[in-house]
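Residue numbering for the sequence shown is 98 to 246, as defined by the working numbering.
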Amino acid sequence: DRSGKRLDIHLHADIASTLAVYPELAESTAVKTRGRPKLGVSAKEVTLLPRHWEWLATQPGGASATLRRLIDQARKSAKPVDNKRQRHDRAYHFMYEIAGDLPGYEASMRALFADDEATFTATIANWPQDVREYALRLAFGKEEENQDA
């Protein structure tokens with residue numbers, strides 16, 4: 098792949114003698130990893146504008162440490178929004194597969210994505226109890242209050 102030239106490999110010999118004849122194969126068979134895999138750190142490419150690189154260069158700890166710090170801060174501040182989105186996505190997928198033909202499905206979806214728990218609960222009131230309870234728990238993290246024994 099590096100040169101674009103054809104490489105004929107003789108498969109009649111053992112691996113060691115083949116690698117001795119073609120040293121470029123030996124290089125490609127060695128797995129090279131970047132980062133610190135033992136620590137769970139992996140290296141990937143990030144594309145930034147020059148002004149971003151300039152700013153990162155002035156930060157203490159270097160670019161990687163600064164990016165990790167910024168990502169951790171963003172994850173903490175966005176947690177409620179992310180949790181709500183994940184809840185709604187889980188509820189959507191469940192309801193799409195299980196409740197798509199039930200009455201009030203479309204209205205319940207509108208209420209779900211409007212984060213309107215009261216309307217959502219009202220629109221699914223006539224659904225089978227197990228489906229209703231599970232959809233409510235997925236969508237809003239709550240159990241139905243009126244449990245029929």
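Glycine included, each C-beta is placed from N, C-alpha and C at the ideal position.
Could you check how far apart the C-beta atoms of residue i and residue j are, in whole angstroms? I think they sit under 8 Å.
| i | j | result |
| --- | --- | --- |
| His-190 | Leu-209 | Actually they do not touch by this definition, with Cβ atoms about 11 Å apart. |
| Thr-220 | Gly-201 | 4 Å |
| Leu-235 | Arg-182 | Rounded, the Cβ-Cβ distance is 13 Å, inconsistent with contact. |
| Ala-154 | Met-192 | Contact doesn't hold; Cβ gap of about 49 Å is too wide. |
| Trp-224 | Ala-204 | No, Trp-224 and Ala-204 are not in contact; Cβ-Cβ is about 12 Å, not under 8 Å. |
Residue i by DSSP, collapsed to three states: which one?
| i | result |
| --- | --- |
| Thr-144 | coil |
| His-185 | helix |
| Gln-226 | helix |
| Gly-197 | coil |
| Gln-156 | coil |
| Ala-246 | The pLDDT assigned to Ala-246 is 42, lower than 50, so where the model puts this residue is not dependable; a value taken from the coordinates is nonetheless given after this. Three-state result, Ala-246: coil. |
| His-190 | helix |
| Ile-168 | helix |
| Ala-110 | coil |
| Ala-208 | helix |
Assess, as a yes-or-no matter, whether the segment 160 to 169 is touched by the segment 209 to 218 under the definition of 3 or more beta carbon pairs within less than 8 Å.
-> no
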